[in-house]
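Scroll down for the structure; my scribbles are underneath it.
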Amino acid sequence: MKVFDLQCEHGHRFEGWFASHEAFEQQNTGGLVVCPICGSIEIARQVTAARINTGAVAPTEQASDALAVPPQAMWKFMRSLVDGSEDVGERFAAEARAIHYGESPERSIRGRATSEERQALAEEGIETLSLPMPSFLKEPLQ
Numbered sequence: 020m021k022v023f024d025l026q027c028e029h030g031h032r033f034e035g036w037f038a039s040h041e042a043f044e045q046q047n048t049g050g051l052v053v054c055p056i057c058g059s060i061e062i063a064r065q066v067t068a069a070r071i072n073t074g075a076v077a078p079t080e081q082a083s084d085a086l087a088v089p090p091q092a093m094w095k096f097m098r099s100l101v102d103g104s105e106d107v108g109e110r111f112a113a114e115a116r117a118i119h120y121g122e123s124p125e126r127s128i129r130g131r132a133t134s135e136e137r138q139a140l141a142e143e144g145i146e147t148l149s150l151p152m153p154s155f156l157k158e159p160l161q
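Residue numbers (my numbering): 20 to 161.
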C-alpha cells in the first residue's frame, strides 16, 4: 500500500492510499481522485519524506486534539443537510420570506443568496446559515 500526500488546485492537502504508484496515476488521470474538501479533480502529488515505522509511539495530547470533529462526521452531517432539505437555488431569499410569513409550507430549504439578500433577511428576523457546500455533496453517492 502506498500513502501519498496530495493537494488540489485550491491548495487543500489530504492523504491518499493506493495499491501502487501506477494505481494512483491511473485513478488520477481518470478523474477518480477527488479532493474531500471542495470536490476538485485537479490533484497533484506532494513531495514528502519517506515514512519509516519505528514501532509504537505514545500519542501526544496535541495529536489527539488535532481534529475535534473527524472529517467523516462533518461530511456525514453535511450530507444529511443536503438530503433533508429542498434546493430552491437562486429563489432562496424569496422562498425563505414566503416560509417565514406563512405563504409557503414550513420546511428546510437550501440555495444561493447574495450577502445583501442575507442581510435583508436578517433585518426581517429571518435567520439563515451560510455554509459553503462542495458540489459533489449534492450528487448521489455511488
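Just so it is clear, CB atoms sit at the ideal spot from N, CA and C, and this is done for glycine as well. Values in this document were obtained by computation on a predicted structure and should not be read as measured data.
Exercise. Starting from Leu140 and walking both ways along the alpha helix (DSSP H), at which residues does that stretch end?
Worked result: Ser134 to Glu142
Exercise. From the DSSP output, which residues share a beta bridge with Val22?
Worked result: When DSSP reads this structure, Val22 sits in a beta bridge with Trp36.
For this session: Spatial neighbours of Ser59 within its chain, please: CB distance less than 8 Å, with the 5 preceding and 5 following residues excluded, ordered by chain position.
Result: Cys27, Glu28, His29, His31 and Val53
Exercise. Between Val107 and Ile128, is the Cβ-Cβ spacing less than 8 Å?
Worked result: With respect to Ile128, Val107 sits close: the two C-beta atoms are nearer than 8 Å.
Exercise. Skipping 5 residues on each side, what residues in its chain have a beta carbon closer than 7 Å to that of Gly50?
Worked result: Ile60
For this session: Under the assumption that Glu105 contacts Arg131 (Cβ atoms under 8 Å), give the Cβ distance between them as a whole number of angstroms.
Result: Glu105 to Arg131, Cβ: 13 Å. No contact.
For this session: Report yes if the C-beta distance between His34 and Val22 is below 8 Å; otherwise report no.
Result: The sequence shown places Glu at residue 34, not His. Going by C-beta atoms, Glu34 is nearer than 8 Å to Val22.
Exercise. Do you know offhand how far Met152's Cα is from Cys57's?
Worked result: About 8 Å.
Exercise. How many Å lie between Ile118 and Lys95 at the Cα?
Worked result: Taking the straight line from one Cα to the other gives about 27 Å.
Problem set entry | First and last residue of the uninterrupted alpha helix (DSSP H) at Arg98 | Start and end: Pro90 to Asp102.
For this session: Express the C-alpha separation of Ala38 and Gln46 in angstroms, rounding to a whole number.
Result: 11 Å
Problem set entry | Contacting residues, own chain, Cβ-Cβ under 6 Å from Gly103 (five flanking each side not counted) | Ser127
Problem set entry | Residue(s) in a DSSP beta bridge with Ala63 | DSSP, once it has assigned bridges, lists Gln26 as partnering Ala63.
Exercise. Do you know how far the Cα of Ile145 is from the Cα of Glu109?
Worked result: 17 Å
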